[in-house]
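*Asks:* Please find one structure pasted underneath; my questions will follow.
In the working numbering, the protein residues as written are 5 to 550.
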């Protein structure tokens, strides 16, 4: 094969792997590569003003497409800026292919300006991190990285690309990466054992995570839950693993306090865990939260997560869809009439509870946010993609815009702020045919507000909502819990949690970045704001006062 500069051949490799869009922020050590990017056909560079924003947009794009996304960071300083968002991607299993340049292998001994150990920096927040030092292995290394990113458990990978390596002539073949198929079915004997452990449970519970969504196992999960009559709780979950309206769905276990999760599942005598680890709280229970004698079955493609924190009776390293389908088949054949009747009775109880709750919900409370959400739901019929970083306002968001269909709802994950707005930009770029609305708190939005500029520059018609309570409200809630646990009398919240002064003009800031914007203080303004947002040709932000 005729040799061409590695920087040009690298672009052909990315295109061979379907990575035709690169998100990033430029730097000097990548300038030759980015010059080649600018000249390449059928290859798009989406510019962000800061690396955290670029990483967040790439994360949202990958989540919306279901595939990998390509992210370019600038040397050690740019990688450092992006690390917090890469942690989000690692925890959420987003397949990002991250590249960063450095000055060159020839300069390694000089300890020059911006020199750093990029691989060591990236390793804690990626599945795989490496540096190419031989111009004959650039494409080989990238293919390996793509394979690792897309092989469950998915996650971000990192490749450092020295300038002098990319400047060398390269004759490697351009071939698409080979991603192994992982739709592995468990053995009939192991499925039979799982059914035996779960079938006799009188208080069964199913704990699920995003491994269900990745496998496309939502229908199979619902079938198994209905056969068992089991409540379903979502754990470490940010996608639609079971429809919000399903009567057996009981919500999230939460991510902060282990006693809360223990309270939810402490009475269960049969527990099925699928596509997640247990439990992901910041302050988890150190002892097993399961009751003595409870039978626990854990299904995940990632064997590392099975029984990672607490013992289980049976662990199956298998694809959730294949395993749940097989388990449903065995339960259909082996459940006795008495057990079927008991499961049906449990399902009926939850169905009637759901109907009563819906009847009691009544009208909204008339606040600007409630009116805004109700109006948005009515005007769109719920046909939109929600990127939810509303945090303490999320229960209200999902009341009016429930997470029903796979791909229509993405929740923040990983713990750091700033995901909602760039995530919405990435999702809209991936799904230009859909209405995409990103929700973020006032504090979280300010981490990555520059995402609106990227949306305006590239004509990405995403919409944004600031849930503005003028504080880091989640920290108020968490420290209140801290005080209760330690018998500390309630007192004023720390001043560092307050964002009320000086006041931030979110709508004006949006306009300064090329987007439209307006502020909502009164309920009647909320109705008009929905109309303006939906009719505005381009990115638009609504600052809703809470």
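Ideal Cβ positions, reconstructed from N, Cα and C, are used throughout, including at glycine.
1) In three-state terms, what does DSSP make of residue 522?
2) Please state the DSSP three-state secondary structure of residue 472.
3) Could you pull out every residue in the same chain whose Cβ sits closer than 6 Å to the Cβ of residue 87, ignoring the five residues on either side in sequence?
4) Starting from residue 40 and walking both ways along the alpha helix (DSSP H), at which residues does that stretch end?
5) Using CA coordinates, which residue listed in 213, 74, 135 and 110 is at the minimum distance from residue 154?
6) Look at residue 301 and residue 201 and say whether their C-beta atoms are less than 8 Å apart.
7) Can you name the start and end residues of the beta strand (DSSP E) that residue 379 belongs to?
8) Using only the alpha-carbon positions, how far apart do residue 158 and residue 433 sit?
9) Among residues of its own chain, excluding the 5 on either side of residue 407, which ones have a beta-carbon nearer than 7 Å to its beta-carbon?
10) Among the residues of its own chain, which have a CB less than 7 Å from the CB of residue 203, if the five just before and after it don't count?
11) Given residue 451, which residues of its chain have a CB within under 6 Å of its CB, disregarding the five upstream and five downstream residues?
12) Tell me whether residue 3 is buried or exposed, calling it buried when 16 or more other Cβ atoms sit within 10 Å of its Cβ.
13) Assign residue 424 to one of two classes, buried (16 or more other C-beta atoms within 10 Å of its C-beta) or exposed (fewer than that).
14) If you run the structure through DSSP and keep just helix, strand and coil, what is residue 272?
15) Within a Cβ cutoff of 6 Å, which residues of the same chain sit near residue 416, ignoring the five residues on either side of it in sequence?
16) Would the segment 370 to 381 and the segment 184 to 191 be scored as touching if the rule is three or more Cβ pairs under 8 Å?
17) Quick one: measure Cβ to Cβ for residue 303 and residue 322, integer angstroms, because I've assumed they're closer than 8 Å.
18) Beta carbon of residue 522, beta carbon of residue 530: below 8 Å?
19) Mapping the DSSP letters down to three states, classify residue 417 as helix, strand or coil.
20) Using a threshold of 8 Å, state whether the C-beta atoms of residue 513 and residue 476 are closer than that.
21) Cβ-heavy atom distance between residue 327 and the ligand COA below 7 Å?
22) What is the residue span of the beta strand (DSSP E) that residue 101 lies within?
23) Sort 271, 374 and 228 by Cα distance to residue 327 and report the nearest one.
24) Using 10 angstroms around the beta-carbon of residue 117, count the other beta-carbons present and answer buried if the total reaches 16, otherwise exposed.
25) Do residue 143 and residue 23 come within 8 Å of each other at the CB atom, strictly closer than that value?
26) Have a look at residue 33 and residue 196 and give me their C-alpha separation to the nearest angstrom.
27) Kindly indicate which residue of 198, 141 and 119 has the alpha-carbon position closest to the one of residue 317.
28) Provide the residue span of the alpha helix (DSSP H) that contains residue 348, from first to last.
29) If contacts are defined as beta-carbon pairs under 8 Å, then residue 390 and residue 441 qualify, I think. What distance do you get, rounded to the angstrom?
30) Straight-line CA distance for residue 168 to residue 119?
31) Report all residues from its chain with a CB closer than 8 Å to the CB of residue 63; omit the five preceding and five following residues, and keep chain order.
32) Taking DSSP as the reference, what is the three-state secondary structure of residue 434?
33) Using 10 angstroms around the beta-carbon of residue 289, count the other beta-carbons present and answer buried if the total reaches 16, otherwise exposed.
34) If you drop the 5 nearest sequence neighbours on each side, which residues of the same chain put their C-beta closer than 8 Å to that of residue 524?
35) With residue 76 as the anchor, note down where its beta strand (DSSP E) starts and where it stops.
36) Helix, strand or coil: which one does DSSP assign to residue 85?
*Replies:* Inspection of the coordinates gives the following:
1) Translated into the one-based positions of the chain shown, residue 522 becomes position 518. In the structure shown, residue 522 falls within a strand segment according to DSSP collapsed to helix, strand and coil.
2) One-based indexing of the chain shown puts residue 472 at position 468. Strand, per DSSP.
3) By 1-based counting over the chain shown, the position of residue 87 is 83. Excluding residues within five positions, the ones whose Cβ falls inside 6 Å are 129.
4) Here residue 40 refers to the residue found at position 36 of the chain shown. Residue 40 -> alpha helix (DSSP H) spans 35 to 43.
5) On the chain shown, position 150 is the one that residue 154 refers to. Here the closest residue by C-alpha is 74.
6) Residue 301 sits at position 297 when you count from the first residue of the chain shown. Residue 201 sits at position 197 when you count from the first residue of the chain shown. Inclusion of residue 301 and residue 201 in the CB contact set at 8 Å is warranted, their separation being smaller than that value.
7) Counting from one through the chain shown, the residue named residue 379 turns up at place 375. Going by DSSP, residue 379 is part of no beta strand (DSSP E) but of the alpha helix (DSSP H) stretching over 372 to 384.
8) In the chain shown, counting from the first residue as 1, residue 158 sits at position 154. In the chain shown, counting from the first residue as 1, residue 433 sits at position 429. Cα to Cα, the separation comes out at about 21 Å.
9) For this step, residue 407 is matched to residue 403 along the chain shown. 244, 248 and 413, listed in sequence order.
10) As a position in the chain shown, residue 203 is number 199, starting the count at 1. Closer than 7 Å at Cβ, skipping near neighbours: 335, 338, 339 and 343.
11) Taking the first residue of the chain shown as position 1, residue 451 is located at position 447. Only 421 and 422 meet the Cβ criterion.
12) Any question about residue 3 goes unanswered here, given that the chain covers just 5 to 550.
13) What you label residue 424 is simply residue 420 of the chain shown in a count that begins at 1. Residue 424 is classed as buried because its beta carbon has at least 16 other beta carbons within 10 Å across all chains shown.
14) Working through the chain shown from its first residue, we reach residue 272 at position 268. Shown here, residue 272 sits in coil according to DSSP, grouped into three states, outside any helix or strand.
15) On the chain shown, residue 416 is found 412 positions in, with the first residue counted as 1. Answer for residue 416: 393 and 423, listed in chain order.
16) No: the two stretches stay apart, fewer than three of their Cβ pairs being nearer than 8 Å.
17) In the chain shown, counting from the first residue as 1, residue 303 sits at position 299. In the chain shown, counting from the first residue as 1, residue 322 sits at position 318. So it is a contact: roughly 6 Å between Cβ atoms.
18) Locating residue 522 in the chain shown gives position 518, counting from the first residue. Locating residue 530 in the chain shown gives position 526, counting from the first residue. Their beta carbons are not under 8 Å apart, which means residue 522 does not touch residue 530 by this criterion.
19) As a first step, residue 417 must be located in the chain shown, where it is residue number 413. Residue state, collapsed to three classes: coil.
20) Numbered from its first residue, the chain shown carries residue 513 at position 509. Numbered from its first residue, the chain shown carries residue 476 at position 472. Their beta carbons are not under 8 Å apart, which means residue 513 does not touch residue 476 by this criterion.
21) No copy of the ligand COA appears in this structure; indeed no ligand is present at all.
22) One-based indexing of the chain shown puts residue 101 at position 97. Membership of residue 101 in the beta strand (DSSP E) is indicated by the continuous run 100 to 106.
23) In the chain shown, the residue the question calls residue 327 occupies position 323. Out of 271, 374 and 228, 228 has the C-alpha closest to the C-alpha of residue 327.
24) Residue mapping note: residue 117 aligns to position 113 of the chain shown, counting from 1. The residue is exposed, with fewer than 16 neighbouring Cβ atoms inside 10 Å.
25) Counting from 1 along the chain shown, the entry for residue 23 is found at position 19. Counting from 1 along the chain shown, the entry for residue 143 is found at position 139. Not a contact, by the Cβ cut-off of 8 Å.
26) The residue you call residue 33 lines up with position 29 of the chain shown. The residue you call residue 196 lines up with position 192 of the chain shown. Distance from the CA of residue 33 to the CA of residue 196, rounded to the nearest whole angstrom, comes to 57 Å.
27) Residue mapping note: residue 317 aligns to position 313 of the chain shown, counting from 1. It is 198 whose Cα lies nearest to the Cα of residue 317.
28) The residue you call residue 348 lines up with position 344 of the chain shown. Per DSSP, residue 348 belongs to the alpha helix (DSSP H) from 341 to 365.
29) Residue 390 sits at position 386 when you count from the first residue of the chain shown. Residue 441 sits at position 437 when you count from the first residue of the chain shown. A Cβ-Cβ separation of about 6 Å places residue 390 in contact with residue 441 under the 8 Å criterion.
30) Here residue 168 refers to the residue found at position 164 when the chain shown is read from its first residue. Here residue 119 refers to the residue found at position 115 when the chain shown is read from its first residue. Linking residue 168 to residue 119 through their CA atoms gives a straight-line distance of about 15 Å.
31) The residue you call residue 63 lines up with position 59 of the chain shown. Cβ within range, chain order: 73, 89, 92, 93, 96, 98, 100, 423, 426, 427 and 430.
32) One-based indexing of the chain shown puts residue 434 at position 430. Three-state result, residue 434: helix.
33) Reading the chain shown from its first residue, position 285 is the one you call residue 289. Around the Cβ of residue 289, a 10 Å sphere holds 16 or more other Cβ atoms; the residue is buried.
34) Position 520 of the chain shown, counted from the start, is the residue given in the question as residue 524. So the qualifying residues of the chain are 372, 376, 530, 533, 546, 547, 548 and 549.
35) Stepping through the chain shown from its first residue, residue 76 is reached at position 72. From DSSP, the beta strand (DSSP E) with residue 76 extends over 73 to 77.
36) Walking along the chain shown from the start, residue 85 turns up at place 81. Residue 85 falls in the helix class under three-state DSSP.
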